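Anchor point for the sequence shown: position 420 equals 608 in our numbering, and the numbering is continuous, going up by one each time. Okay, so here's the structure we're looking at.
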Amino acid sequence: MRIQSFVVHLRFKSAILFASILCIVISGCTPLLNVSYKKSLPPMEGEQVLPGLSDNVTVKRDNLGIPYIEAQSMDDLIFAMGYISACDRFTQMEGFRLVSQGRLSELLGRATLEMDIYLRALNLNQVAQTLYLSASSDLRRLLNIYSDGVNAYLANVPLPTTLKLAGHQPDPWRPIDSMYVFLVLTLGLSQNLQEEINLLNVAQVVAPEKLAWLFPIYPDEPLPFEEMKKLKGINLSEAAQNIEQLGVIANLTNTLLLPAAAASNNWAVSGKLTKSGKPIVANDTHLPLTMPSIWHMMHLKCPEIDGAGIAIAGVPGIVAGYNRHIGIGMTMVMADNQDIFLEKLQQKPDGLYFLYKNKWLKANSREESFRIKGQKKAVTRTFYETLHGVLLNDILTDKPRHELVPMPLNPSLGIAYSWAGNETDRSMDVFFNIMLAKSVDEILKYTSQETSVIPLNLVMADRKNIAWQVTGRFPLRKKGRGLCPSPGWTGEYDWNGFLSPSKHPSLKNPAKGYVGTANHRTVPADFPYILSSSWYYPDRGERIEQLLKNAKNYTLDDAKAMQLDTYSRFVNVIKTALLEQKTLDTMSSVWQNSEKSTAAHQAMALLRDFDGNMRLDSAGAAFCGAFLFSLSDNLFADELGGKNTRAYQSLLHTFLLAYSALHDHLTDRGKRSPLWDDVTTPQKEERDLILAKTVLDAIGILEKRCGKNPDKWQWGKLHTYHWRTDATLFADYMDFINKTGVKFLSGYVDRGPYPAPGDHTTLNVSAYHPGKDFGTWMIPAMRIIVDFGSDEPFVGINSTGQLDNPSSPHYDDGITAFRLGQYQNFPFKEENIKTQYTKILTLVPKK
C-alpha cells in the first residue's frame, strides 16, 4: 500500500537524467528539487472552476493543511472529496490502484513483475467486480461521483512531478478503482496467508512435534500439537523451492505495498466513569511506518453528514472519527480468514489435475497478460484453481528478477489459497453508512445484518452508550483450526460456510463501564467458534484493562496519556525469567569467566530496578530491548539451519504478526521446550545457559552502540523512527543507476532517524524486528479521541503530513506533532471553524 515505492525509481529514465539529479543532490541544491515539485502543488486558496458541481463548495485548510470541505449536497461533497483526495494524494492513489491491479511493472519495469504476478494470481479483479456489483445502487452512484471529482483533478491540476518525470499518464479514475483501493486495505488486514507460508518454510527443517513450540497460539492456550500433525507424512520437499520463492515474494509485496501487519488500540469509557458524565472513545491504528501515512485526515459537511476523521485516498467517506452523534474507532480482530490447502497435482495432456476425495479433477485455468515498462512484448501467465482456490506455487515459471527469489520448480504438491474475501460482500456500504449513523444502536443493527469481509473490532459511543462489535467473515472449518496448512485431497478440512454475523462477539454498556481491544484475544479460550489462531501479544490489551479498571473521573487528558503510554507489562516476564535465584546462580557461574562479568551483574541490577517504562532515556529499556533482540538468535537459529536461512527468516517474520515463540519461551511453559538445546554442539544446553549467553550478547550490543558505562545506555540510541518512502525501501531491488539515485535522493524525500520510545508491547507502539534491527517498522499511524463531554469533542493527529508532495510544508509537518504527542482540534462550532481554517479555496461549478 505504500505508493512511494515507485516515486523516485521512475525519475531516472536515462543515465543522463540520473547524473543531473545526482549532481543536484550532491551539491545540496534541494531548492532545485523543490522548484520541480512545486509545479504540481494543488491550489490551496482562491477559486477553481470545476465542471460537474451543481453549487459552490468551500475547502478550508488549517495550519497542518487538513481540509474542511463544506457542500450544499451529498453529491457535491463526494465530488469535492474525490477532487481534494487527488490534490493531496494522487501519487498514493495511483499506486493503490496499480498495486491492486497487479500493474506496477507498467511503471517500474521487470523489477516488480513477481509482485504483479502474485497479486494478479489472487484474482482481485474478480473480487473487485463482485464488490462493485454487490454494492447498493446508492453507493455505486456515489462512487461515480467520486470518480468525477478525481478526474476533475486530472483535468485541471498539473500531474504530480513524480508521474510526469516517469512519463506516466494515468488512466481516468473509474468507480471500480475505489473498490480496488478498498481491497488493498482488506487484503492487508487478512494476514494468515503469510503466516502459513512461513510455517511451511519452517516445517521443512523442523519435525511437527517441535513445530508446535514455534507457533504458539496464546499464553493460556495449549500448544497446537494436534494441528501440526496435519503435516505428518507429507513430503514438503516436493514444493520446497516454490514455497521459499512464494514466501519471498509475498513478504516483499506485503512489506512494500500492503499493510502486511496491522495492529491498533481502541477503547470506550462510559459516562459513569468520566468526569463529565459523558463517554470517551479513543483509537490509534498501528500500521507500517510510511511516508506518507496511509490515512488522510479531513472534515466533511453537508446536510446529510457533519463528520471528521480519517479517510483512505481513493475511497469516499470517513473510516473512523466523529459525526456529532457517534464516535467510532477500529482495531484488527486478527482473524484467520485465509487458509492454505496442499494439493496433489498431476499434469495430463489436456491440463492440470488435482486429487480430491480419491478422484482426479481438472483445475480451472485463466490467462493474464502483463505489460512491462521498457519491453515491447507482454508476458503471459496461466493461473490454475482447485476447489480450494488459486495455486500459488505455479505462478512463476521464468527466472526470477531478484537474487533473493529461488528458481521455481514444477512440483507434484500444490499450494492452494482460500480467502473469505472471494465472496459477495457489502463492506464498503457498511463503512460508508456507519459515518451516517445517529446512534450506537443504529450501528449495531446495521453490522449484525450486513456481511463485511473486513475483520475489525469496532468500538463506539454516542452521548449515552458505549459498545463493541466484531465484523468480518469467519470460516467454519470441518476440522482443524487453520493455523497450519491442510491437506486438500481428503476434503476433511474444507470450509463449511461462515459464521453468522448474529453470532459475532458484541457488547453494549458493560457493567464494568468500559470496553477495549488491542488485537489480543477478546473472547474466552473456550469460545465455541474459531475467530483466530493468530492473536497478537496480550500485553497492550492487559495494559488497557489495568488502566481502566480503576478509572474514576476519566478525562480527555487521561485518554491522551494512555495513547502515549510506554509501559511494557512484558518486562515483568523478562524479570521473572532472569531474576529467579536459581537462574541467577547458573548465569553467574557462566559469567565468572567472561570479561563482561561485571557488566552482566550491573545489567541485572538495572533490570531489577527498571520500572518497565520504555522511555527514550531508559537504560533498563535499552537492556530489555537488546536482550529480546539477541535471544532469538541464540534460541532458534541453530534449529533452523542458521541465521541466514529462509526457515529462520520466516520464523522471525512471524514474530511481527502474532503472539510468538520468542515471548512464549520466557514463560513457565517455555522452560520445558526442547529448543533450548543448541543442536550444533555435542553437549546438551539448558535454558539458563542460553539466557546467560544472551545477556552477554545484549551487553555487547549496548557497549557497541552506547558505550561501556551502563549509565549511558539509552533505549533511544538503539531504537529509532525513520520515515522512509518505499523508494528507499525498494532500492535494493532496483538496477544500479536507479538504486544509486534513490540512495542520494533519500535525504530529500525521507525523514529521520529520530529516537523512538516504546516497543511492540506498549500502547504507544513502536515495533522493531527482533533478530534483525532496532528500527521502528510499525507505529500508531494516527491517533483520535472523541470526548462527548467536551465543548469541541474531537481531537486527533496524523503520523505524517497531509500531502504526498515533498515540496509542500504539509508533507512532513505532522511528524513533529506526532513525536511530541500533540493533538489537533477538529472544531464543529462556526466561530472555532473560522479561527482554525484560514486558507479558503472555493470550488465553483462551470456555467
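Glycine included, every Cβ here is placed at the ideal spot set by N, Cα and C. These numbers were taken from a predicted model, which means no experiment stands behind them.
Residue i, buried or exposed, once every other Cβ within 10 Å from all chains shown has been counted against 16
i       : result
Leu767  : exposed
Trp965  : buried
Lys248  : buried
Trp548  : exposed
Leu1008 : exposed
Leu171  : Since the first residue shown for the chain is 189 and the last is 1035, residue 171 is missing from the structure and cannot be characterised.
Asn832  : exposed
Ala400  : buried
Asp243  : exposed
Phe715  : exposed
Glu783  : exposed
Gln871  : exposed
Val237  : exposed
Asp914  : buried
Val717  : Sequence inspection shows Tyr at residue 717; the Val mentioned does not correspond to that position. Tyr717 is exposed by the Cβ-count criterion.
Val867  : exposed
Lys561  : buried
Ser325  : exposed
Gln1051 : No answer is possible for residue 1051: it lies beyond the span of the chain, which begins at 189 and ends at 1035.
Ser557  : exposed
Same chain, Cβ closer than 6 Å to residue i, neighbours up to 5 away in sequence not counted
i       : result
Gln526  : Ser378, Asn380, Leu381, Trp607
Val503  : Ser366, Val369, Phe370
Arg559  : Glu294, Ala566
Asp1001 : Leu252, Gly989
Ala880  : Met775, Val778
Gly497  : Ile506, Ala508, Gly509
Ile985  : Arg971, Ala1005, Phe1006, Tyr1011, Gln1012
Gly704  : Trp455, Ile732
Glu285  : Looking at the sequence itself, residue 285 is Arg, so the reference to Glu does not match. Excluding residues within five positions, the ones whose Cβ falls inside 6 Å are Asp365, Tyr368.
Nearest-angstrom Cβ-Cβ length linking residue i and residue j, presumed shorter than 8 Å
i       : j       : result
Ala655  : Leu624  : Their Cβ separation, rounded to whole angstroms, is 17 Å, which puts Ala655 and Leu624 out of contact at 8 Å.
Ile506  : Tyr742  : The pair is not a contact, with the Cβ atoms about 25 Å apart (cut-off 8 Å).
Pro1015 : Gln1024 : 5 Å
Asn389  : Ala835  : 5 Å
Ala919  : Lys905  : Ala919 to Lys905, Cβ: 25 Å. No contact.
C-beta contact flag for residue i and residue j at 8 Å
i       : j      : result
Trp911  : Asp885 : no
Glu827  : Val394 : yes
Ala451  : Val761 : no
Trp723  : Tyr847 : yes
Asp650  : Ile528 : no
Ala523  : Ser694 : no
Tyr755  : Thr950 : yes
His948  : Gly813 : no
Gln990  : Gly253 : yes
Leu135  : Pro675 : Because residue 135 is not part of the residues shown, which for the chain are 189 to 1035, the question remains open.
Glu282  : Pro230 : no
Ser322  : Arg661 : no
Ile482  : Ile500 : yes
His474  : Pro997 : no
Ala706  : Gly685 : no
Val315  : Ala274 : no
Lys1052 : Phe798 : Since the first residue of the chain shown is 189 and the last is 1035, residue 1052 is not available in this structure.
Tyr271  : Tyr341 : yes
Gly602  : Asn621 : no
Contacting residues, own chain, Cβ-Cβ under 7 Å from residue i (five flanking each side not counted)
i       : result
Gly959  : Phe817, Ser820, Asp821, Leu840
Met232  : Arg249, Lys1027, Leu1029
Gly234  : Leu1029
Trp677  : Glu531, Lys532, Leu543, Tyr544
Thr349  : Ser224, Tyr225, Lys227, Ser228
Asp865  : Lys872, Glu873
Arg1088 : Nothing in the structure corresponds to residue 1088, since the chain is present only between 189 and 1035.
Contacting residues, own chain, Cβ-Cβ under 8 Å from residue i (five flanking each side not counted)
i      : result
Ser490 : For the record, residue 490 in the displayed sequence is Cys; it is not Ser. Answer for Cys490: Glu258, Ala259, Gln260, Ser261, Met262, Asp264, Leu265, listed in chain order.
Asp538 : Lys550
Tyr541 : Leu533, Gln534, Gln535, Trp548, Leu549, Lys550, Ala551
Asp408 : Ala713
Ser690 : Ser636
Leu772 : Leu766, Met792
Would you list, in sequence order, the uninterrupted alpha helix (DSSP H) runs of no fewer than 4 residues that lie entirely inside the segment 802-838? 807-824
Counting only runs of 4+ residues fully inside the segment 275-309, write out the alpha helix (DSSP H) ranges in chain order. 293-296, 301-309
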